[in-house]
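Protein chains in written order, with the working numbering: chain A, 6 to 151; chain B, 354 to 761.
Just so you know, even glycine gets a beta-carbon here, dropped at the ideal spot from N, CA and C.
Worksheet: the structure to be examined is printed underneath.
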Amino acid sequence: MIPDEYGIFTAEVPLNQLYRVVHFLFKDPALEFNFLTDICGVHYPDDAGRELAVVYHLQSMRHNTRTRLKVFVPITKPEVPSLTGIYASANWMERETYDFYGVQFLGHPDLRRILNMDEMVDFPLRKEFPLEDPLREDKKDYHFGR
Amino acid sequence: MKTNLEFTAEFHQPDIPDIPYNTLNLGPTHPATHGIFQNVLKLDGERIVSGEQTIGYIHRAFEKIAERRPFYQITPLTDRLNYCSAPINNTGWYLTVEKLLGLKVPKRVDYMRVMVMELARVADHLICNSILGVDTGALTGFTYVYQYREKIYEIYEEICGARLTTNMGRIGGFERDFNPRVFELTRKFLQEFPPVWREFENLLTRNRIFMDRTIGTGGLGVERALNYGFTGPNLRACGIDYDLRTAEPYCSYEDFKFDVPVGTTGDTYDRYVVRNEEIWQSLSLIEQAIKKIEAEPPGVYHADADHYYLPPKQEVYKNMEALIYHFKIIMGEIDAPVGEVYQAVEGANGELGFYLISDGGRTPYRLHFRRPCFIYYQAYPEMVKGQMLSDAIVVMSSLNVIAGELDA
Chain A
6 MIPDEYGIFT AEVPLNQLYR VVHFLFKDPA LEFNFLTDIC GVHYPDDAGR
56 ELAVVYHLQS MRHNTRTRLK VFVPITKPEV PSLTGIYASA NWMERETYDF
106 YGVQFLGHPD LRRILNMDEM VDFPLRKEFP LEDPLREDKK DYHFGR
Chain B
354 MKTNLEFTAE FHQPDIPDIP YNTLNLGPTH PATHGIFQNV LKLDGERIVS
404 GEQTIGYIHR AFEKIAERRP FYQITPLTDR LNYCSAPINN TGWYLTVEKL
454 LGLKVPKRVD YMRVMVMELA RVADHLICNS ILGVDTGALT GFTYVYQYRE
504 KIYEIYEEIC GARLTTNMGR IGGFERDFNP RVFELTRKFL QEFPPVWREF
554 ENLLTRNRIF MDRTIGTGGL GVERALNYGF TGPNLRACGI DYDLRTAEPY
604 CSYEDFKFDV PVGTTGDTYD RYVVRNEEIW QSLSLIEQAI KKIEAEPPGV
654 YHADADHYYL PPKQEVYKNM EALIYHFKII MGEIDAPVGE VYQAVEGANG
704 ELGFYLISDG GRTPYRLHFR RPCFIYYQAY PEMVKGQMLS DAIVVMSSLN
754 VIAGELDA
């Protein structure tokens, strides 16, 4: 595997191949990625048609290697296959990603919010969700000559 | 026509719904559940049939806040993840940024970091194991060893001025050099603590009641533990020799000699024993680190990187260059390179990972914390299934779930 400049092999996977690729990495005896380190979402609002990314960090405990997989989905139809059938740990990580980005994990047994309250309607880590009052004037970049 | 007697007989039909199991809310007000975890357990008598957790809503949106902050100002957020061992989190964050910037720190800084991180690990395991004693009914051990956490905090205080949320160090090194009092206090700690810890072990490790309460409870097979994403002492208790300090060494851990203790069955007792052994290993690591620090040329406590290392305050008062860099760094004027970095450190209860996406701006585009507690706490219902109700408390306690890390 060829790592990127920071030491982890990174690949973008087509959405319809994701489950098959992860399952292959999990099962193949030469690779044996038996450990799901992390799932998280990223929002790229300017990238039309692929606004939401889901990033998977996989790890092989036996061979001590890591890899990073990414899938991109449009924000209008954010549907990604769930990995709960392969890794039990994917359950809460996917719930967290759903909670913050609104990614629908197809096949997830119990897709609910986990860190925010159930009545919430926003997906707070998307870029359009303001962190502070947008009308506030004292933190604008031009105040600092940027 | 119904008689009055018939009517009352019909009215008094016992209307007991057919519920085979009792439901019990374990927490959030139980002392072992830290005030936020609610476990809805279904009980058959005193035996747990199934459980479901809610992890509370202390969510503080660290990841969102981090998107508006320059890199230095994210350190206080990492303090509050696992507040029992804040220096490990701080160092993990600095390592992430250093990896992004391509900074190399001197060996002496690495050894200083190792010393601080191992002190933090001792403090964390100390609390976990002594609280495990409390949850089985042995308060004495806890009150006895708790003062030694305070001694560790005094060392932190000497290094950086803070005790719990340390905010220790800088990107590229430390804020200032360790003064002689730090080494003096650490040596004193290394002398005074082992006999006390030995005594604590004598109190619990071969204690009949403690063994009965912990052996064979809360175990999870190796395969399930891996599948559930266990790391750290909880995984090593299952018998997997995986430690980031040896598997992917950071901070020059490869220069040290230490063992990675592993258990066999992964039950509560094994987790306790693994943590105990890790404390001994950490004490040896601290001792080695002090020797190595003293063997290195003195006075080197940061990397030679003006653009990223925040200059010491004394310099800022006297030196114009330092003042300019201080201002530029604090205001986030110096941009980071574009890149994606994943850096993990062996936190006190597992792999603490930082996934940082930088778009070249002054703040991270996206920052994700991989919190070990959040990932393995979901295995809890499976671990207590079929156990007694009293085991549920002990299992939760030995998992070392820290609320701050669960809800980042």
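Span separating the alpha-carbon of residue i from that of residue j
i	j	result
valine 535(B)	leucine 120(A)	40 Å
tyrosine 497(B)	leucine 517(B)	20 Å
threonine 376(B)	valine 393(B)	7 Å
phenylalanine 105(A)	proline 725(B)	19 Å
threonine 449(B)	leucine 396(B)	45 Å
isoleucine 755(B)	leucine 573(B)	20 Å
asparagine 587(B)	alanine 701(B)	10 Å
valine 747(B)	aspartate 530(B)	42 Å
leucine 111(A)	tyrosine 729(B)	23 Å
asparagine 435(B)	lysine 82(A)	36 Å
aspartate 612(B)	valine 575(B)	20 Å
glutamate 84(A)	threonine 489(B)	46 Å
leucine 454(B)	tyrosine 509(B)	27 Å
glycine 388(B)	arginine 598(B)	33 Å
cysteine 604(B)	arginine 624(B)	26 Å
proline 547(B)	asparagine 482(B)	15 Å
serine 438(B)	arginine 461(B)	22 Å
leucine 20(A)	alanine 656(B)	43 Å
valine 108(A)	glycine 409(B)	22 Å
methionine 465(B)	aspartate 52(A)	44 Å
isoleucine 91(A)	phenylalanine 31(A)	8 Å
phenylalanine 360(B)	tyrosine 374(B)	Low confidence applies to phenylalanine 360(B): its pLDDT is 46, below 50, so where it sits in the model is not reliable enough to give any reading.
valine 467(B)	glutamate 758(B)	22 Å
phenylalanine 424(B)	glutamate 699(B)	21 Å
leucine 88(A)	methionine 521(B)	38 Å
Buried versus exposed call for residue i [16 or more other C-beta atoms within 10 Å across all chains shown]
i	result
isoleucine 683(B)	exposed
proline 154(A)	Any answer about residue 154(A) is impossible in this case: the structure gives chain A only from 6 up to 151.
phenylalanine 29(A)	exposed
proline 440(B)	buried
lysine 645(B)	buried
leucine 492(B)	exposed
proline 458(B)	The residue you asked about is not proline; residue 458(B) is valine in the sequence shown. Classification for valine 458(B): buried.
leucine 140(A)	exposed
valine 126(A)	exposed
glutamate 17(A)	exposed
isoleucine 427(B)	buried
valine 691(B)	exposed
phenylalanine 580(B)	Rather than phenylalanine, the amino acid found at residue 580(B) in this sequence is asparagine. Asparagine 580(B) is buried by the Cβ-count criterion.
aspartate 115(A)	exposed
glutamate 124(A)	exposed
glutamine 667(B)	exposed
phenylalanine 722(B)	buried
Beta bridge counterpart(s) of residue i as assigned by DSSP
i	result
histidine 62(A)	Asp43(A), Arg73(A)
valine 393(B)	Asn378(B), Glu405(B)
histidine 721(B)	Tyr708(B)
alanine 86(A)	Residue identity check: residue 86(A) is proline in the sequence provided, not alanine. Note: proline 86(A) sits in a beta bridge opposite Leu111(A).
glutamate 758(B)	None, per the DSSP bridge assignment.
histidine 48(A)	Leu57(A)
glutamate 693(B)	Ile710(B)
histidine 655(B)	Gly526(B)
Closest by C-alpha distance to residue i, when choosing among the options
i	options	result
asparagine 39(A)	Glu601(B), Ala578(B), Lys681(B), Thr376(B)	Ala578(B)
asparagine 560(B)	Gly514(B), Gly486(B), Ile418(B), Phe583(B)	Gly486(B)
lysine 610(B)	Thr617(B), Val626(B), Tyr625(B), Gln634(B)	Gln634(B)
serine 711(B)	Ala53(A), Leu74(A), Tyr49(A), Pro83(A)	Tyr49(A)
lysine 145(A)	Glu399(B), Arg421(B), Gly571(B)	Arg421(B)
aspartate 33(A)	Leu111(A), Glu10(A), Ser65(A), Phe110(A)	Ser65(A)
proline 384(B)	Met749(B), Glu758(B), Ala761(B)	Met749(B)
leucine 74(A)	Ile13(A), Glu137(A), Tyr92(A)	Ile13(A)
isoleucine 80(A)	Ala16(A), Leu140(A), Val47(A)	Val47(A)
arginine 523(B)	Ile389(B), Met736(B), Gly757(B), Pro429(B)	Pro429(B)
phenylalanine 149(A)	Gly494(B), Glu686(B), Met564(B), Gln740(B)	Glu686(B)
glycine 571(B)	Asp760(B), Pro734(B), Phe390(B)	Pro734(B)
tyrosine 61(A)	Leu23(A), Asp51(A), Arg67(A)	Leu23(A)
threonine 584(B)	Gly409(B), Tyr410(B), Phe727(B)	Phe727(B)
alanine 93(A)	Gly54(A), Leu41(A), Phe128(A)	Leu41(A)
leucine 720(B)	Ile44(A), Ala35(A), Trp97(A)	Ile44(A)
Quiz item: Using 8 Å as the threshold, is the region 629 to 644 of chain B in touch with the region 469 to 485 of chain B, meaning 3 or more CB pairs across them?
Solution: Enough Cβ pairs lie closer than 8 Å, so yes.
Practice problem: Mind the definition here: the region 496 to 514 of chain B touches the region 541 to 552 of chain B only if three or more C-beta pairs lie below 8 Å; say whether that holds. | Solution: Touching, yes, given that three or more Cβ pairs across the two stretches are closer than 8 Å.
Quiz item: Counting pairs of Cβ atoms below 8 Å between the region 616 to 623 of chain B and the region 713 to 721 of chain B, do you hit three or more?
Solution: No: the two stretches stay apart, fewer than three of their Cβ pairs being nearer than 8 Å.
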